[in-house]
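Here's the structure, in structure tokens; my notes come after.
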Amino acid sequence: MNRYFQIGFYILVTVSIAVLYILYFKRANTEVVYVDSAKLLNGYQAMVNARTEYEQKAKGWQANVDTLMQEVQTAIKEHEKQIPSMSAKERDLSRQVIESKQRQLAQYQQAIAEKARQEDVKLTKQVVDQVNAFLDRYGKEHGYQIILAANQTGNIAYAQKKLDITEDVLAIINQEYSHK
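Using numbering that gives the first Met the number 0, the letters of the sequence shown map in sequence onto residues 0 to 179.
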């Protein structure tokens with residue numbers, strides 16, 4: 000039994016030394032860097048273009064809403080102007096038309112708000128997917144073990160500035176984007 004104990008002890012020591020050796024040398028080669036995610040996304044030309052595209056669509060949607068609002072306001076003014084000369088039945092009919100237009104306007108505004116939200120999510124996701132794919136490739140090409148994304152909420156409490164690769168990433172990703 001004593002002999003088995005010694006063999007087990009030697010195996011345990013050998014495995015422990017091997018694990019410590021592997022952990023030490025693996026840790027020594029670990030490259031951890033970070034990017035400022037807000038700076039990266041705001042500086043990436045694809046995001047700038049996506050925001051411009053979204054803003055143009057939003058202006059068109061808002062113009063449609065403004066037109067419908069103007070139609071409703073015009074109908075209300077006409078209704079108020081003609082009330083004295085209307086019969087009770089005509090007043091009710093006019094009021095129903097106005098209420099119908101107001102409901103349609105409210106429904107359209109809700110639909111446009113949802114469409115705008117979906118479009119924003121879609122455009123942002125496309126750009127974020129591009130950035131993530133680029134960071135994956137960039138990390139592999141440069142031998143990084145991990146690339147962290149810092150944001151304004153402070154998920155990285157401290158990092159040396161030399162570990163910030165945002166400017167390098169921005170330069171290369173924008174260069175690649177301009178050649179597409």
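In this text, a Cβ means the ideal position worked out from N, Cα and C, and glycines have one as well.
In this text, all values refer to a predicted model and were calculated from it rather than measured experimentally.
I need the straight-line Cα distance from residue i to residue j, nearest angstrom please.
| i | j | result |
| --- | --- | --- |
| T123 | A49 | 7 Å |
| Q108 | D91 | 25 Å |
| F133 | A57 | 29 Å |
| V71 | S93 | 12 Å |
| D119 | A110 | 14 Å |
| H78 | A87 | 12 Å |
| R116 | N154 | 26 Å |
| S177 | Q144 | 28 Å |
| S84 | T73 | 18 Å |
| K160 | K121 | 33 Å |
| D128 | E140 | 18 Å |
| A62 | Q95 | 25 Å |
| N173 | Q106 | 40 Å |
| A156 | G138 | 22 Å |
| E54 | E89 | 42 Å |
| R102 | A158 | 54 Å |
| K179 | K80 | 59 Å |
Can you tell me which of the options puts its alpha carbon nearest to the alpha carbon of residue i?
| i | options | result |
| --- | --- | --- |
| V168 | Q144, Q159, R136 | R136 |
| Y43 | K161, I146, Q125, T73 | Q125 |
| I164 | H78, Q101, I146, S177 | I146 |
| E113 | Q129, W60, K88 | W60 |
| E175 | M85, V130, Q106, Q101 | V130 |
| L66 | K100, M85, E89 | First, the amino acid is wrong: residue 66 is Thr here, not Leu. Nearest option by C-alpha distance: K100. |
For my contact list, residue i and residue j are in at a C-beta cut-off of 8 Å; report their separation, rounded to the angstrom.
| i | j | result |
| --- | --- | --- |
| I199 | I97 | A question about residue 199 goes unanswered here, because the residues of the chain that appear run from 0 up to 179. |
| E30 | G142 | 6 Å |
| L104 | M68 | 6 Å |
| V32 | L162 | 5 Å |
At a threshold of 7 Å, does residue i count as lining the ligand MN (C-beta to nearest heavy atom)?
| i | result |
| --- | --- |
| A74 | Of the ligands one can find in the structure shown there are none, so the ligand MN has no counterpart to examine. |
> Fully enclosed by the stretch 99-141, which beta strand (DSSP E) runs are 3 residues long or longer?
Replying inline: none
> Do the stretch 140-154 and the stretch 31-39 touch if we need at least three Cβ pairs shorter than 8 Å?
Replying inline: yes
>> Below 8 Å, how does it come out for the stretch 163-179 and the stretch 39-46: are there three or more Cβ pairs, yes or no?
In response: yes
>> Runs of 4 residues minimum, wholly inside the stretch 16-96: which ones carry the alpha helix (DSSP H) assignment?
In response: 36-42, 44-81
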